[in-house]
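S.K.: Once you've had a glance at the structure underneath, I'll fire off some questions.
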Amino acid sequence: MDFIPEHIIDYAEAHTTPETEVLKNLNRYTYANLLMPRMLSGHLQGRMLSMFSKMIKPTNVLEIGTFTGYSAICLAAGLSDNGEIHSIEVNEELEHLLMRFVKEANLENKFKLHIGEAHAIIPALNKQFDLVFIDADKENYNAYFDLIIDRVVKGGFIIADNVLWSGKVLTIPDKKDVETKALIEFNNKVMNDERVENVLIPVRDGLMVMRKL
Ligand SMILES: C[S@@+](CC[C@H](N)C(=O)[O-])C[C@H]1O[C@@H](n2cnc3c(N)ncnc32)[C@H](O)[C@@H]1O
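Each residue of the sequence shown is one higher than the one before, counting from 1316 in the working numbering.
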C-alpha cells in the first residue's frame, strides 16, 4: 500500500509527533483483534489528519467509514469548542469497541456515531460541514462526493483516502474490479470538477485533498 520505501517511512514516523496513548492502544488492539486492520489510517496519516484538522479548526466534521475510530479521533483534534464530528459506519458490530476508544479519548460529547448505509444517512444530516473524510466503500466515492459537495461550506475541505489503491489506478482494471474502476473515475471526476481545487498526496495509499471554491 505504501509507495515510499519502508526505511523512509520509518524515518518520517520517527520525526513525527507520536500517537497519543489512546491511538497507540487502538492501533495495537485493531491489529491484534480485527480483520483487515490495515484499513486503519495509522501513525503518519493519522498525524496528518490531525494537523489538517488543527489548521482548519472545523465546527462540523463528517467522516464516511469509521471502522475502529482511529481517523475519527485524529480528525477531532482541531474541532472548535462547540464542534462535532459525525461519523458513519455500516457495521454495527464495531459500535461497542469504537465507542470505548472514543470515550477514552474524552470525545463522547463531540462524537456522533451513525450506524447504517452512508448513502441513506448523509441526506438526513441537516448540517453544513467544514471538513469531510471519505473512507468507506470505494465503489461509492463518486456518489458520496455528489451527496456532500453542496453540504460543504465555501473554503471547506474534502479528503478522500486510498485514491492510489496500491497503484492499481495506473492500470487498466479487470472488468470485475469495480473498486479500481470507481477510483479511476473518482480521481478524473475531481480533476474536472470546477467546484474544487485539489492535490493528490502520495502518502500511504493516496489522499485526495479537495478545497471547495
Ligand atoms: C477503510 S475503513 C475506515 C477506516 C477509518 N476511517 C480509519 O482510518 O481508521 C472503511 C469502513 O467503512 C465501512 N463501510 C463500508 N461501506 C459502507 C457504507 N456503505 N456505509 C457506511 N460505512 C461503510 C466499513 O465497514 C469499514 O469499517
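Beta carbons: idealized from backbone N, C-alpha and C, even for Gly.
Using 10 angstroms around the beta-carbon of F1318, count the other beta-carbons present and answer buried if the total reaches 16, otherwise exposed.
M.R.: F1318 counts as exposed, since fewer than 16 other beta carbons sit within 10 angstroms of its beta carbon.
S.K.: For the 8 Å Cβ check, are there 3 or more pairs between the segment 1387-1396 and the segment 1347-1367?
M.R.: yes
S.K.: Any idea if E1321 is buried or exposed, counting beta-carbon neighbours within 10 angstroms, 16 or more meaning buried?
M.R.: exposed
S.K.: Using three-state DSSP, classify V1478 as helix, strand or coil.
M.R.: coil
S.K.: Hey, quick one: how far does the alpha helix (DSSP H) through V1505 stretch, first residue to last?
M.R.: V1493 to M1506
S.K.: Can you check whether the CB of G1393 is closer than 8 Å to the CB of I1379?
M.R.: no
S.K.: Look up E1419 in the DSSP assignment and say whether it is helix, strand or coil.
M.R.: helix
S.K.: Please classify M1330: is it buried, with 16 or more other beta-carbons within 10 angstroms of its beta-carbon, or exposed?
M.R.: According to the sequence as given, residue 1330 is His; it is not Met. Exposed, since its Cβ has fewer than 16 Cβ neighbours within 10 Å.
S.K.: If I follow the unbroken alpha helix (DSSP H) through H1434, where does it start and stop?
M.R.: A1433 to I1436
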